[in-house]
Amino acid sequence: WLLPAALKQRSGLSRRPPWHFEPESARQLVLKQFNTLDLKGYGCENMPAAIAAAGALLQYVKDTQQSALPHIQGISTENSDDSILLDAASRRNLELDFHPSGQLQYTLFGVLDKTSTAMGSRCLRRWINRPLRDRKILNNRYACIDSLLNDRLYQAVQAQLKQVGDIERISSRIALKSARPRDLLVLRNTLAVLPGLQHVLIDSDNPQLGLLRKNIGEQPDMLALLQKAIIDNPPVLIRDGGVIAPGYHPELDELRNLSQNADQFLIDMENREKAATGLSNLKVNYNRVHGYYIEISRLHAEKVPAHYTRKQTLKGVERYITEELKAFEDKVLSAREKSLSFEKSLYEELLNLIGASLPELQLCAAALAELDVLSNFAERADTLNLSQPVLLDKAGINIEGGRHLVVEQVSDIPFVANDLTFSNQRRMLVVTGPNMGGKSTYMRQAALIVLIAHIGCYVPAKSLSCGPIDKIFTRIGASDDLASGRSTFMVEMSETANILHNATSKSLILMDEIGRGTSTFDGLSLAWACADFLAKETKAFTLFATHYFELTTLADEQKTIHNVHLDAMEHGDRIIFLHAVKD
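Residue 558 in the numbering used here sits at position 480 of the sequence shown, with consecutive numbering throughout.
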């Protein structure tokens, strides 16, 4: 159980005992959870390490939730060949969903996320962090976007989705019996929207949108149940009562009537006692601490009838109780207590009734989330002038008029679009140019355009044709890692070594200023060796930015290496960066 120093220091870190990872006991736990005899149907029967991890996680959730987990009904395996692999450094450098400033607007996720639901937003984040390689799925997504752009169908879809609640989370709370009354109200309002959403999608002839429409369904029985059971504006907690609607259950109505008629009884009693005692300022009241009481000014205390029993003395008033009022108090409080208890049992029964349809709810939630992301992609394509990419079998990347989506959105000046071409004859571009010239932006935009295409979204370019890509690596920027005792140079070398060991001929690599963390000649030697290895051995598609102008001579030695530079010009005593990439 050796953990990195930084991990040990993290608050909230929970160690799990080794026996939770014992393969056979973990397997039995997973089998019991899914009520099955084997895991062949889930594609993980012969994956003992994965099953051990899944079993340990399942046990952890059981321990923390202290309840059954009926909403966890399956497990799926992810093959590394199914998606483009990005290591932690690449995710950080590309600023997919995190920016050092903490501002989401400076990330790819922040620019792309105009989803209408919380479910859709989470789904989009998952897609961004796991770009796919399956061209069939990606082309289906492009086709959906095209259909949603027709007559701006996405606008009608988004108008409906804005009324949809987070039923993904709500269904989990229902399964765990922790759903609150307002969760059920949100679920009811969402189910009421589904027929309208079905109507919006009915004319689309896109097969994938048709499948999503089918999976969303309508759930009329559940909607009718919730409309009958829950009031329009329930309190936050069931313990406060007043959640179940009148007419849902006659016994509850009877108990409530007994409790609620107390106000009229108090008014009638107050009028009778005023008449009997002649005390016009006599009041009959109730509070939660002292219950029911008759309140009389201390100035008239001598006129109090003999059958009044003093209950409390305050500065200006005396409070009394009578046998009649005491009997009524016992009856009302008993009815109120029974009413709250019975209402709670009805609420739990309601959760069980809804829980029986949990699989349908989860299917509906997943379909709504996907539809939300796809309609969001259509909106982004329409608003940001994105174009449909073309995925090819042939190796290579050809970007015409590519733009960095995030920089374009946050910058006040027009963005300069640039082209990029990779092929079997053009596998490495050595990028030179002045500081602030746009080298890093050009490199990042290439990776982001490829990544955006592989989440199924249109891309910020006039056109993109892209062959198979298996991994994206970046070595950009430098900082030390004090927690692990690593210098800036050591971090740079570790990330570079990871790229050199794991990249393939189908990988896209961004290398920015390799060797700047050490002396000039050592840095040049490192940069030269890395570029030479990537060009001759790995043969990956590589953008290699450098200040070492000597590296441009590599193009004379290796035919697959080409030089590009970013333009700048002098204007008076100023340097104007043109941000245009030229061979």
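Think of the CB as a built atom: it goes at the ideal place given N, C-alpha and C, for glycine as much as any other residue.
Ala-609 and Phe-622 - do their beta-carbons sit closer together than 7 Å?
Locating residue 622 in the sequence shown gives position 544, counting from the first residue. Locating residue 609 in the sequence shown gives position 531, counting from the first residue. Against a cut-off of 7 Å, the Cβ pair of Ala-609 and Phe-622 comes out as a contact.
Please state whether the Cβ-Cβ distance between Leu-436 and Val-537 is less than 7 Å.
Position 358 of the sequence shown, counted from the first residue, corresponds to residue 436. Position 459 of the sequence shown, counted from the first residue, corresponds to residue 537. No, the Cβ-Cβ distance between Leu-436 and Val-537 is not below 7 Å.
In or out: Arg-266 buried (at least 16 other Cβ within 10 Å) or exposed?
On the sequence shown, residue 266 is found 188 positions in, with the first residue counted as 1. Arg-266 should be labelled buried.
Ile-477 and Ile-527: beta carbons closer than 7 Å?
Along the sequence shown, read from residue 1 onward, the residue named residue 477 stands at position 399. Along the sequence shown, read from residue 1 onward, the residue named residue 527 stands at position 449. For Ile-477 and Ile-527, yes; Cβs fall inside 7 Å.
C-beta atoms of Ala-456 and Tyr-232 nearer than 7 Å:
Position 378 of the sequence shown, counted from the first residue, corresponds to residue 456. Position 154 of the sequence shown, counted from the first residue, corresponds to residue 232. In this structure, Tyr-232 lies closer than 7 Å to Ala-456 by Cβ.
Determine the burial state of Lys-396: buried for a count of at least 16 other Cβ atoms within 10 Å of its Cβ, exposed for fewer.
Numbered from 1 along the sequence shown, position 318 holds the residue referred to as residue 396. The residue you asked about is not Lys; residue 396 is Glu in the sequence shown. By the Cβ-count criterion, Glu-396 is buried, with 16 or more other Cβ atoms from all chains shown falling within 10 Å of its own Cβ.
Three or more C-beta pairs under 8 Å: does that hold for the stretch 419–437 against the stretch 147–156?
Judged by Cβ distances under 8 Å, the stretch 419–437 makes contact with the stretch 147–156, as three or more pairs qualify.
Ignoring anything shorter than 4 residues or poking outside the stretch 505–578, list the alpha helix (DSSP H) runs there in chain order.
Counting only runs of at least 4 residues, the stretch 505–578 fully encloses the following alpha helix (DSSP H) elements, listed from N- to C-terminal order: 517–531.
Could you have a look at Asp-661 and say whether DSSP puts it in helix, strand or coil?
Locating residue 661 in the sequence shown gives position 583, where the first residue counts as 1. Residue state, collapsed to three classes: coil.
Consult DSSP for Glu-635 and reduce its assignment to one of helix, strand or coil.
For the purposes of this step, residue 635 is taken as residue 557 along the sequence shown, with counting starting at 1. Helix.
Kindly indicate which residue of Glu-438, Met-514, Asp-590 has the alpha-carbon position closest to the one of Asn-293.
Here the question's residue 293 lines up with position 215 in the sequence shown. Out of Glu-438, Met-514, Asp-590, Glu-438 has the C-alpha closest to the C-alpha of Asn-293.
Could you check how far apart the C-beta atoms of Gln-440 and His-482 are, in whole angstroms? I think they sit under 8 Å.
If you number the sequence shown from 1, residue 440 lands on position 362. If you number the sequence shown from 1, residue 482 lands on position 404. Going by Cβ atoms, the distance from Gln-440 to His-482 rounds to 37 Å, so no, they are not a contact pair.
Check the C-beta distance from Ile-308 over to Leu-275 and give it rounded, since I have them as a contact under 8 Å.
For the purposes of this step, residue 308 is identified with residue 230 of the sequence shown, where counting begins at 1. For the purposes of this step, residue 275 is identified with residue 197 of the sequence shown, where counting begins at 1. About 22 Å separates the two Cβ atoms, so there is no contact after all.
Given a threshold of 16 other Cβ atoms within 10 Å of its Cβ, counted over all protein chains shown, does His-649 qualify as buried or as exposed?
Position 571 of the sequence shown, counting from 1, holds the residue named residue 649. By the neighbour-count rule (16 or more Cβ atoms within 10 Å), His-649 is not buried but exposed.
Please classify Val-367: is it buried, with 16 or more other beta-carbons within 10 angstroms of its beta-carbon, or exposed?
Within the sequence shown, residue 367 is the residue found at index 289, counting from 1. Answer is exposed; the Cβ neighbour count stays below 16.
May I ask you to report which of helix, strand or coil DSSP gives Arg-652?
Here residue 652 refers to the residue found at position 574 of the sequence shown. Here Arg-652 sits in strand by DSSP.
Which value, in whole angstroms, describes the spacing of the CA atoms of Thr-574 and Arg-553?
Taking the sequence shown and counting its residues from 1, the one referred to as residue 574 is at position 496. Taking the sequence shown and counting its residues from 1, the one referred to as residue 553 is at position 475. Straight-line measurement puts the Cα of Arg-553 at about 7 Å from the Cα of Thr-574.
Just curious, the beta strand (DSSP E) that Asn-496 is in, first and last residue?
Here residue 496 corresponds to residue number 418 of the sequence shown, with the count starting at 1. Where Asn-496 is concerned, the enclosing beta strand (DSSP E) stretches over 496–500.
Status (buried if at least 16 other CB within 10 Å, exposed otherwise) for His-385:
For the purposes of this step, residue 385 is identified with residue 307 of the sequence shown, where counting begins at 1. Answer is exposed; the Cβ neighbour count stays below 16.
Would you tell me roughly how many angstroms separate the C-alpha atoms of Arg-230 and Ala-196, rounded to the nearest one?
By one-based count along the sequence shown, residue 230 stands at place 152. By one-based count along the sequence shown, residue 196 stands at place 118. The C-alpha of Ala-196 is placed about 22 Å away from the C-alpha of Arg-230.
Apply the 10 Å Cβ neighbour rule to Gly-356 and answer buried if 16 or more other Cβ atoms are within range, or exposed otherwise.
Against the sequence shown, residue 356 aligns to sequence position 278. The residue in question, Gly-356, is exposed, as its Cβ has fewer than 16 Cβ neighbours within 10 Å.
Would you mind sorting Asn-454 into buried or exposed? The rule is 16 or more other CB atoms within 10 Å of its CB.
The residue given as residue 454 occupies position 376 in the sequence shown. Looking at its Cβ environment, which holds 16 or more other Cβ atoms inside 10 Å, Asn-454 is buried.
Buried or exposed for Asn-580, please, with buried defined as at least 16 other CB atoms from any protein chain shown within 10 angstroms of its CB.
Position 502 of the sequence shown, counting from 1, holds the residue named residue 580. Under this definition Asn-580 is an exposed residue.
List the endpoints of the continuous beta strand (DSSP E) containing Asp-590.
Here residue 590 corresponds to residue number 512 of the sequence shown, with the count starting at 1. 586–590 is the span of the beta strand (DSSP E), which, as asked, contains Asp-590.
What residue ranges within the stretch 146–196 form continuous beta strand (DSSP E) runs of no fewer than 3 residues, ordered along the chain?
Here no run is fully enclosed.
Cutting at 8 Å between CB atoms, please list the residues of its own chain near Lys-637, excluding the five before and the five after it.
Taking the first residue of the sequence shown as position 1, residue 637 is located at position 559. Cβ neighbours of Lys-637 within its own chain (closer than 8 Å, five residues either side excluded): Gln-503.
Where Glu-427 and Phe-187 are concerned, what is the direct C-alpha to C-alpha distance, given to the nearest angstrom?
One-based indexing of the sequence shown puts residue 427 at position 349. One-based indexing of the sequence shown puts residue 187 at position 109. Between Glu-427 and Phe-187, the alpha-carbon positions lie close to 41 Å from each other.
Select from Glu-615, Leu-254, Ser-375 the residue whose C-alpha is nearest the C-alpha of Lys-393.
Counting from 1 along the sequence shown, the entry for residue 393 is found at position 315. The option with the nearest alpha carbon to Lys-393 is Ser-375.
Would you check if the distance between the CB atom of Ser-543 and the CB atom of Val-468 is smaller than 7 Å?
As a first step, residue 543 must be located in the sequence shown, where it is residue number 465. As a first step, residue 468 must be located in the sequence shown, where it is residue number 390. Yes. Within cutoff.
Start and end of the alpha helix (DSSP H) containing Ser-103?
Walking along the sequence shown from the start, residue 103 turns up at place 25. Run containing Ser-103: 101–112, per the alpha helix (DSSP H) assignment.
How many whole angstroms separate the CB atoms of Cys-201 and Gln-286, which I take to be in contact at a CB cut-off of 8 Å?
Taking the sequence shown and counting its residues from 1, one reaches residue 201 at position 123. Taking the sequence shown and counting its residues from 1, one reaches residue 286 at position 208. Taking a contact as a CB-CB distance under 8 Å, the pair Cys-201 and Gln-286 does not count as one, their CB atoms being some 15 Å apart.
Where the beta strand (DSSP E) containing Ser-423 begins and where it ends
Stepping through the sequence shown from its first residue, residue 423 is reached at position 345. It is not in any beta strand (DSSP E) - Ser-423 instead sits in the alpha helix (DSSP H) that spans 401–433.
Given a cut-off of 7 Å, decide if Lys-617 and Ser-585 are closer than it, judged by their beta-carbon atoms.
Counting from 1 along the sequence shown, the entry for residue 585 is found at position 507. Counting from 1 along the sequence shown, the entry for residue 617 is found at position 539. No.
Less than 7 Å separating the beta-carbons of Phe-78 and Ser-168?
The first residue shown for the chain is 79 and the last is 661, placing residue 78 beyond what the model contains.
Straight-line gap, Asp-310 to Gln-241 (C-alpha atoms, nearest Å)
Reading the sequence shown from its first residue, position 232 is the one you call residue 310. Reading the sequence shown from its first residue, position 163 is the one you call residue 241. Roughly 16 Å between the two C-alpha positions.
What would DSSP say about Ile-309, mapped onto helix, strand or coil?
Within the sequence shown, residue 309 is the residue found at index 231, counting from 1. DSSP places Ile-309 in the coil class of the three-state scheme, outside both helix and strand.
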